[in-house]
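Undergrad:
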Amino acid sequence: MRRTGIFYAQLGLTILLCLFIVVPIVMSALAGVTVNVFQGLSSGLTLRWIFEVWDLYASSIFLSLWLAIACLFVTLIAGVPLAYVLVRKPGRATRLFEELLTLPVAIPGLALALALLITYGGVSGYRSSWLFILTGHVLFTLPFMVRSVAAVMSAMDMKTLEEGAASLGAGFWRRFFTVIVPNAKPGILAGALMVVTLSVGEFNLTWMLHTPLTKTLPVGLADSYASMRLEIGSAYTLIFFVLIMPLLIAMQILANRSSKPARATAEDK
Amino acid sequence: MTTSQKQASQAQDAGTAIALTNCAKTFADGTRALMPFDLSITAGETLVLLGPSGCGKTTILRMIAGLEFPDAGGAIHFGDDDVTRQSIEQRRVGMVFQSYALFPNMTVAENVAYGLKVQKVGKAERDQRVREMLEMMHIDMLANRRVDQLSGGQRQRVALARAIAPRPRVLLLDEPLTALDAKLRVRLRTEINALLRKLGITAIYVSHDQEEAMALGDRIVVMQKGEIAQIGTPQEIYRAPKTPFVADFVGASNCLKVDIENGRALLGKVDVDVSPAWNASQTTDGLSEIYFRADGLALCAADDAHFTARVEAVSYLGERLRVTVSGIGEEAVLVDTDPDTNMTPGETVHCRLVPERLTVFAAS
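Keeping their order, the protein sequence lines are chains A and B. Throughout, this note's numbering is defined as the position within the first sequence, counted from one, plus 1. Throughout, this note's numbering is defined as the position within the second sequence, counted from one, plus 1033.
Below you can see the structure in the form of structure tokens.
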């Protein structure tokens, strides 16, 4: 293939754009392990900042992970049956409900948080516990779980599958757990990863809802940027990055796997 | 037949008789899907519900399955057992769907074992029974395949094995062959036929294909707009359709409007003795309609002819030549002839009615 000047121009532009995005990430990561960021790399590399972040914010990190798991648990228990009902019983009521469900995604997190504060801010035990933040996270992530599961469910002709299982004597719960759930697995997995990722990274809502004792990872990050050395903020970013990257990669792999077409069917002999 | 197949067929319950009494179906939106009807199916019989889409045939099947319930006043019995209010899970029916409805998360063997697991059949017996079913359907080599690795024909064989495995009281088949290509359809049809005879199971088969219905049914129920138009053996339906709709649906689509007087059909100057058909029809004299297939009219020499007609179109079907002719009645008529005949559109031909192949109805 003959490569023209245009090809090289395009290649150059693409590389520049990539660098534009990638360089800040690298800079930030490097800053987290540099002794003094204002002197640059010549000042030497260190893990000191990482340990410092760990000392200061380990509880935030664990709280975030705990919240993500709890949020996943709740969205699974609520989201899978909800998606089932939405797909299985289409109608005006379910459509309306679906819209309502999606509302928290469209509304700014701050507004949502404000509404929660106005309503439940006075319930002190609740207001100051991690459950308050969990509520916000569930509201925000549930639509993603429902959408993801519903998409897979509506592609699989659940009605006929269920009728088939029922004709073989299987009652509702048996059908749900042996036929519906296993076949909705790609959607459930994708939804689960989405929920965990969103919950770990959620800032808007959480920033409004948190108390000094219920600080999550992103809230801690903001805090460290605002009140600590730049190196510490950057080291924090690095930790965040290490936590969230595997999730993102797993999500991508799953998405690829479920979009791959079924293997070609064997011909009838 | 292998020993295991023999055991399988002997172990199969003798068929269950089914009776639907005064069953009607009105959907929630007020549409009347089925007018009240009675239908009884004898034990071991294969009954085909035949009709165009929307005629209510599938609704009857789903009513027997327990997926729809008849309006108040209707009753369904499996033998002496009143199942009217039973759900599908309780009825012990085997179902085969047009879209297969196999569970994609399970292998072929797991699909077939599903009903047995629900019935809490022990593992050893279950494995044994699954093997028998797969052998019977000639798919034992596919036992560990995933459903998405199978062709349509293989899928439907798995679906049949799965439906039969738990020894249902009745086997319900909802257009199982419609999604398959023509050649496979005929082959699988033959296999299903042999299977139903061997098992002696009561079977209800929904179809919109007249040929399929003829090939499989001990009796055929022809449905029209939510009502039973005719029930009869394939021969009765084919040779003695009771209404113009049935006649048309089973292929006798040629129609002539005539005046009948004392068993003679009068059409213009033509006067044909149609007494055998007329006597059978029990219609009175007067304006009538004659229905017939492409073999109810024959091309002949000018001297024997009832009609002179004009050839409109000719299609070569291999074993015969199908000619569309006009000028006999209001509408064009199809007539079959020797495939070696030379015939071109525009040509004039002579033809005569074959009285024993006609069906007479009072004019609608």
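Ideal placement from N, C-alpha and C gives every residue a C-beta, glycine not left out. For clarity, every value in this text was computed on a predicted model and none was experimentally measured.
(1) I'd like to know whether the C-beta atoms of B/Leu-1080 and B/Ile-1261 end up nearer to each other than 9 Å.
(2) Express the C-alpha separation of A/Tyr-127 and B/Gly-1185 in angstroms, rounding to a whole number.
(3) Using the beta-carbon count (16 or more within 10 Å), is A/Tyr-9 buried or exposed?
(4) What residue from B/Ser-1086, B/Thr-1075 and B/Phe-1136 has the CA that sits closest to B/His-1110's CA?
(5) What three-state label does DSSP hand B/Glu-1345 in the structure shown?
(6) Under the three-state reduction of DSSP, which class applies to B/Asp-1181: helix, strand or coil?
(7) Within 9 Å of any Cβ in chain A, is that where the Cβ of B/Met-1376 sits?
(8) How would you label B/Val-1382, buried or exposed, when you count the other beta carbons within 10 angstroms and need 16 or more for buried?
(9) Under 6 Å Cβ to Cβ from B/Val-1141, same chain only, skipping five residues before and after it: list those, please.
(10) Measure from the alpha carbon of B/Glu-1244 to the alpha carbon of each residue in B/Gln-1257, B/Gly-1265, B/Val-1151 and B/Val-1219, then state which is nearest.
(11) Between A/Leu-255 and chain B, is there a C-beta pair that is closer than 9 Å?
(12) May I ask you to list, following chain order, the residues of the region 1138 to 1161 of chain B that have a beta carbon less than 7 Å from some beta carbon of chain A?
(13) Taking Cβ positions only, does A/Pro-91 come closer than 9 Å to chain B?
(14) Count the CB pairs spanning the region 1374 to 1381 of chain B and the region 1336 to 1344 of chain B that are closer than 8 Å, and state whether there are at least three.
(15) For B/Lys-1290, report the span of its beta strand (DSSP E) as first-last.
(16) Looking at C-beta atoms only, is the number of pairs between the region 1230 to 1248 of chain B and the region 1203 to 1210 of chain B that lie closer than 8 Å three or more?
(17) For A/Gly-122, which three-state DSSP category applies?
(18) Closest by CA to B/Gly-1084, which one among B/Gly-1155, B/Gln-1161 and B/Asp-1242?
(19) Is B/Leu-1100 close to chain A? Criterion is C-beta to C-beta, closer than 9 Å.
(20) Measuring alpha carbon to alpha carbon, tell me which residue in A/Val-23, A/Ser-65 and A/Arg-49 is nearest A/Gly-202.
(21) When you compare only the Cα positions, how much space is there between B/Val-1126 and A/Leu-77?
(22) With DSSP collapsed to three states, give me the class of B/Gln-1045.
(23) Let me know the secondary structure DSSP gives B/Thr-1035 once reduced to three states.
(24) Compare the C-beta of A/Ala-267 against all C-beta atoms of chain B and say whether one is closer than 9 Å.
(25) Indicate whether at least one CB of chain B lies closer than 9 Å to the CB of A/Val-180.
(26) Taking 9 Å as the threshold (C-beta atoms), are B/Gly-1107 and B/Thr-1064 in contact?
(27) What is the C-beta distance between A/Met-209 and A/Leu-115, in whole angstroms, given that I count them as a contact (C-beta under 8 Å)?
(28) The region 154 to 172 of chain A: which residues have C-beta closer than 8 Å to a C-beta of chain B, in chain order?
(29) In three-state DSSP terms, what is A/His-138?
(30) Less than 6 Å between C-beta atoms, sequence neighbours within five positions excluded: which residues of the same chain meet that for A/Phe-204?
(31) Check distances from the C-beta atoms of the region 1094 to 1126 of chain B to those of chain A and list, in chain order, the residues that come in under 9 Å.
(32) Check the Cβ-Cβ distances between A/Pro-183 and every residue of chain B, and say whether any is below 9 Å.
(33) Along the alpha helix (DSSP H) that carries A/Asp-56, what are the first and last residues, could you check?
(34) Does any CB atom of chain B fall closer than 9 Å to the CB of A/Lys-216?
(35) Quick check: the Cα distance between B/Arg-1188 and A/Gly-165, rounded to an integer number of angstroms?
(36) Starting from the Cα of B/Ile-1270, find the closest Cα among B/Glu-1078, B/Leu-1082, B/Ala-1057 and B/Phe-1070 and give me that residue.
TA: On the basis of the supplied data:
(1) Along the second sequence, read from residue 1 onward, the residue named residue 1080 of chain B stands at position 47. Along the second sequence, read from residue 1 onward, the residue named residue 1261 of chain B stands at position 228. Between B/Leu-1080 and B/Ile-1261, the C-beta spacing is not below 9 Å.
(2) In the second sequence, counting from the first residue as 1, residue 1185 of chain B sits at position 152. In the first sequence, counting from the first residue as 1, residue 127 of chain A sits at position 126. About 57 Å.
(3) Taking the first residue of the first sequence as 1, we reach residue 9 of chain A at position 8. Burial call: exposed.
(4) Locating residue 1110 of chain B in the second sequence gives position 77, counting from the first residue. The shortest Cα separation from B/His-1110 among B/Ser-1086, B/Thr-1075 and B/Phe-1136 belongs to B/Thr-1075.
(5) Against the second sequence, residue 1345 of chain B aligns to sequence position 312. Looking at B/Glu-1345 - three-state DSSP - the assignment turns out to be strand.
(6) Within the second sequence, numbered from 1, the residue matching residue 1181 of chain B stands at position 148. Look at B/Asp-1181 here: in three-state DSSP terms it is helix.
(7) Here residue 1376 of chain B refers to the residue found at position 343 of the second sequence. Taking CB atoms only, B/Met-1376 has no neighbour in chain A less than 9 Å away.
(8) Within the second sequence, residue 1382 of chain B is the residue found at index 349, counting from 1. Classified as buried, B/Val-1382 has 16 or more neighbouring CB atoms from the shown chains inside 10 Å of its CB.
(9) Start at 1 with the first residue of the second sequence, and residue 1141 of chain B comes out as number 108. Non-local C-beta neighbours of B/Val-1141 in its own chain, meaning closer than 6 Å and more than five positions away in sequence, comprise Leu-1175, Ala-1176, Arg-1178 and Val-1191, ordered along the chain.
(10) Position 211 of the second sequence, counted from the first residue, corresponds to residue 1244 of chain B. Ranking the options by Cα distance to B/Glu-1244, first place goes to B/Val-1219.
(11) Along the first sequence, one-based indexing puts residue 255 of chain A at 254. Put simply, the CB of A/Leu-255 is far from chain B, with every gap to its CB atoms at 9 Å or more.
(12) Those would be Asn-1138, Tyr-1147, Gly-1148, Val-1151 and Gln-1152, in chain order.
(13) Looking up residue 91 of chain A in the first sequence gives position 90. Cβ-Cβ to chain B under 9 Å: no for A/Pro-91.
(14) Yes, the region 1374 to 1381 of chain B touches the region 1336 to 1344 of chain B.
(15) Walking along the second sequence from the start, residue 1290 of chain B turns up at place 257. Where B/Lys-1290 is concerned, the enclosing beta strand (DSSP E) starts and stops at 1287 to 1294.
(16) Touching, per the Cβ criterion.
(17) Mapped onto the first sequence, residue 122 of chain A falls at position 121. A/Gly-122: coil per DSSP, three-state reduction.
(18) Working through the second sequence from its first residue, we reach residue 1084 of chain B at position 51. The residue with the shortest Cα to Cα distance from B/Gly-1084 is B/Asp-1242.
(19) Residue 1100 of chain B sits at position 67 when you count from the first residue of the second sequence. With 9 Å as the cut-off, B/Leu-1100 counts as an interface residue toward chain A.
(20) Within the first sequence, numbered from 1, the residue matching residue 202 of chain A stands at position 201. In terms of CA proximity to A/Gly-202, A/Ser-65 leads the group A/Val-23, A/Ser-65 and A/Arg-49.
(21) Taking the second sequence and counting its residues from 1, one reaches residue 1126 of chain B at position 93. Taking the first sequence and counting its residues from 1, one reaches residue 77 of chain A at position 76. One C-alpha to the other measures close to 34 Å.
(22) As a first step, residue 1045 of chain B must be located in the second sequence, where it is residue number 12. With a pLDDT of 46 at B/Gln-1045, under the threshold of 50, the predicted position of this residue should be treated as unreliable, though the coordinate-derived value follows. For B/Gln-1045, the three-state secondary structure derived from DSSP is coil.
(23) Here the question's residue 1035 of chain B lines up with position 2 in the second sequence. For B/Thr-1035, the pLDDT reaches just 43, beneath the cut-off of 50, and the residue's location in the model is therefore unreliable, although a value from the coordinates is still provided. Look at B/Thr-1035 here: in three-state DSSP terms it is coil, with no helix or strand label.
(24) In the first sequence, residue 267 of chain A corresponds to position 266, counting from 1. With a pLDDT of only 40 at A/Ala-267, under the threshold of 50, the placement of this residue in the model should not be trusted; the figure read from the coordinates follows. The beta carbon of A/Ala-267 sits closer than 9 Å to some beta carbon of chain B.
(25) As a working note, residue 180 of chain A is residue 179 in the first sequence. Yes, its Cβ sits closer than 9 Å to a Cβ of chain B.
(26) For the purposes of this step, residue 1064 of chain B is taken as the residue at position 31 of the second sequence. For the purposes of this step, residue 1107 of chain B is taken as the residue at position 74 of the second sequence. In terms of Cβ geometry, B/Thr-1064 and B/Gly-1107 do not form a close pair [threshold 9 Å].
(27) Mapped onto the first sequence, residue 209 of chain A falls at position 208. Mapped onto the first sequence, residue 115 of chain A falls at position 114. Indeed they touch by this definition, with Cβ atoms about 7 Å apart.
(28) Legend: CB atoms of the region 154 to 172 of chain A lying less than 8 Å from CB atoms of chain B belong to residues Met-157, Asp-158, Thr-161, Leu-162, Glu-164, Gly-165, Ala-166, Ala-167, Ser-168, Leu-169, Gly-170, Ala-171 and Gly-172.
(29) On the first sequence, residue 138 of chain A is found 137 positions in, with the first residue counted as 1. The DSSP-derived three-state label of A/His-138 is helix.
(30) For the purposes of this step, residue 204 of chain A is identified with residue 203 of the first sequence, where counting begins at 1. Excluding sequence neighbours, A/Phe-204 sits near Pro-219.
(31) Here the close residues are Arg-1095, Ala-1098, Gly-1099, Leu-1100, Ser-1120, Ile-1121, Glu-1122, Gln-1123, Arg-1124, Arg-1125 and Val-1126.
(32) Looking up residue 183 of chain A in the first sequence gives position 182. The Cβ of A/Pro-183 sits closer than 9 Å to at least one Cβ of chain B.
(33) Here the question's residue 56 of chain A lines up with position 55 in the first sequence. If you look at A/Asp-56, you'll find it in the alpha helix (DSSP H) that goes 49 to 89.
(34) Locating residue 216 of chain A in the first sequence gives position 215, counting from the first residue. No, because no Cβ of chain B sits closer than 9 Å to the Cβ of A/Lys-216.
(35) For this step, residue 1188 of chain B is matched to residue 155 along the second sequence. For this step, residue 165 of chain A is matched to residue 164 along the first sequence. So the alpha carbons of these two residues sit roughly 14 Å apart.
(36) In the second sequence, the residue the question calls residue 1270 of chain B occupies position 237. Ranking B/Glu-1078, B/Leu-1082, B/Ala-1057 and B/Phe-1070 by CA distance to the CA of B/Ile-1270 puts B/Leu-1082 first.
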